[in-house]
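In this text, residue positions in the sequence shown follow UniProt numbering: the first is 1, and each later residue adds one. For glycine and all other residues, C-beta sits at the position ideal for the given N, C-alpha and C. Model, not experiment: these values are computed from the prediction.
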Amino acid sequence: MVQISIQTIEHILFSAIKVKFTQGYVPISNGNYIWTLGFNEVECSSDLSTTGVQQLKVPLVLLHGFGGGVGLWVKNLSAFAGEGRPVYALDMLGFGRSSRPTFGRDAKDAEEQFVQSLEDWRKAEGLEHMILLGHDLGGYVSTAYALKYPHRLKHLVLVEPWGFAARPNVQEHWVPIWIKAFGAAMNPFNPLGPLRLAGPLGPLLLQLLRSDFKQKYASVFADDTVADYIYHVNAQTASGETAFKNMTIPYGWPQHPMMDQVEKISPSLPMTFIYGSRSSIEGQSGKAIQEMRPNSQTKIIVIQGAGHYVFADQSEDFNQAVLKICNNEC
């Protein structure tokens with residue numbers, strides 16, 4: 001089997017982006033760096049209206065989910081950047097092509113490292129404010145950032161966010177015994193350890209286990225480009241993956257559920273939850289938070305026909321929903 005690099009597979013992925021963009025490493029603290037795609041960074045960051053008043057467009061910043069990277073936004077980036085808004089997609093610390101440092105073993109320490117790396121990146125890019133959109137783990141990190149730096153956000157968009165609900169306080173009779181046994185056996189390993197243990201067979205294993213990714217991106221790629229990309233971003237040293245493991249308790253529940261903290265978010269910060277109608281992820285948190293913030297702008301959008309990867313399953317509907325949020329914030 002011919003092995004290709006993550007740089008090569010990204011080049012293939014990015015060929016589907018139809019607007020101009022930059023790519024590169026943004027230095028942050030402790031000698032680390034964040035791999036970033038940027039759109040409309042300077043020349044199109046503002047428009048001149050017919051009244052002669054300069055209308056600054058708030059940058060949109062995208063955070064991927066667990067095991068993902070900037071490449072998974074390939075069906076969305078052209079649409080988001082097409083109206084001249086500054087748009088940034090970045091590999092979170094410990095994932096993709098960003099630095100892979102050692103994270104703290106304590107869940108809160110790991111969470112703080114994610115948040116601080118995002119704040120370091122914001123400073124390095126010189127952004128005063130942003131619309132922050134996070135998917136899955138990226139949604140958890142985005143919310144943690146909003147708790148600490150609410151004055152930097154104009155809108156918080158949470159797409160199928162992980163880590164909001166606590167593990168149900170019931171006997172786990174619903175968990176089949178084989179899953180419990182497998183979970184106990186795999187406990188010393190990181191979630192994606194088996195992928196690395198597969199060695200050169202890893203890409204084939206991922207194509208077999210996640211054949212749905214080929215279908216999700218079939219309108220862009222006829223082959224297994226996206227599955228190969230996911231393999232390459234996760235075949236490297238486990239870093240963000242280890243941090244995620246340290247932030248969880250058995251069966252993927254968060255050690256520190258965001259539902260216990262979300263009331264501390266500034267009531268003036270608008271929040272929008274986006275869910276897929278076919279998703280298996282727990283989706284009641286958005287409604288609960290909506291009730292917790294009666295005097296705040298908290299909206300819920302359900303994209304019909306979409307699963308957890310709502311931005312890939314129904315990209316056009318997702319893109320329109322996000323653009324509407326962005327345009328309401330200027």
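First and last residue of the uninterrupted beta strand (DSSP E) at residue i
i: K154; result: L153 to V159
i: A89; result: V87 to L90
Sub-9 Å separation of residue i and residue j beta-carbons
i: N246; j: A107; result: yes
i: I301; j: Q314; result: no
i: residue 334; j: F114; result: Because residue 334 is not part of the residues shown, which for the chain are 1 to 330, the question remains open.
i: A238; j: K75; result: no
i: I274; j: L158; result: yes
i: K154; j: E329; result: yes
i: C326; j: K57; result: yes
i: V26; j: L93; result: no
i: F14; j: A81; result: no
i: T36; j: E160; result: no
i: F95; j: H135; result: no
i: H308; j: S277; result: no
i: L62; j: V19; result: no
i: A146; j: M259; result: no
i: I230; j: L72; result: yes
i: I9; j: H232; result: yes
i: I12; j: F221; result: yes
i: I34; j: S117; result: yes
i: V322; j: L132; result: no
Residues sharing a beta bridge with residue i, DSSP
i: residue 333; result: For residue 333 there is no data in the structure shown, the boundaries of the chain being 1 and 330.
i: A16; result: For A16, which the question treats as bridged, DSSP gives no partner whatsoever.
i: Y25; result: W35
i: G134; result: L63 and L158
i: W73; result: Its beta-bridge partners do not exist; DSSP assigns none.
i: I4; result: Partner(s): none; I4 has no beta bridge.
i: P254; result: T248
Residue range of the unbroken alpha helix (DSSP H) whose run includes residue i
i: residue 331; result: Coverage of the chain is limited to positions 1 through 330, which leaves residue 331 absent and any answer about it impossible.
i: F39; result: Looking at the DSSP string, F39 is not in any alpha helix (DSSP H); the run it does join, the beta strand (DSSP E), is Y33 to F39.
i: H232; result: T225 to N234
i: Q215; result: D212 to K216
i: A243; result: G240 to N246
i: I289; result: S285 to M292
CA nearest to the CA of residue i, picked from the options
i: P294; options: K18, R167, P267 and Y275; result: P267
i: T242; options: Y309, E329, P254 and G104; result: G104
i: D120; options: G82, K154, G31 and G84; result: G31
i: H151; options: H129, L133, C326 and F221; result: H129
i: Y251; options: W162, Q284, N234 and I289; result: W162
i: G69; options: S277, C326, I289 and N234; result: N234
i: Q23; options: R97, A79 and H64; result: R97
i: G139; options: D224, L77 and F66; result: F66
i: E111; options: L133, G307, L137 and E125; result: L137
i: R210; options: V220, D228 and A222; result: D228
i: K299; options: A306, K287, Y309 and G307; result: K287
i: F39; options: Q261, H11, I4 and Y88; result: Y88
i: residue 331; options: I281, E10, W253 and S296; result: Residue numbering for the chain in the displayed model covers 1 to 330; residue 331 lies beyond these limits and cannot be assessed.
i: S142; options: H11, E291, E316 and L60; result: L60
i: G240; options: G71, E291, P101 and S78; result: P101
i: L269; options: T8, L156 and A16; result: L156
i: I6; options: G283, A321, D260 and V226; result: V226
i: K324; options: I34, L118 and A79; result: A79
i: A306; options: K216, W253, M292 and T272; result: K216
i: D109; options: Q284, T272 and Q255; result: Q255
Closer than 8 Å: residue i CB and nearest the ligand MG heavy atom
i: L153; result: Questions concerning the ligand MG fall outside what the structure shown contains, since it holds no ligand whatsoever.
Quiz item: Taking the runs of the beta strand (DSSP E) that are 3 residues or longer, which of them lie wholly in the stretch 301-327?
Solution: Runs of the beta strand (DSSP E) lying entirely within the stretch 301-327 and spanning at least 3 residues: none are present.
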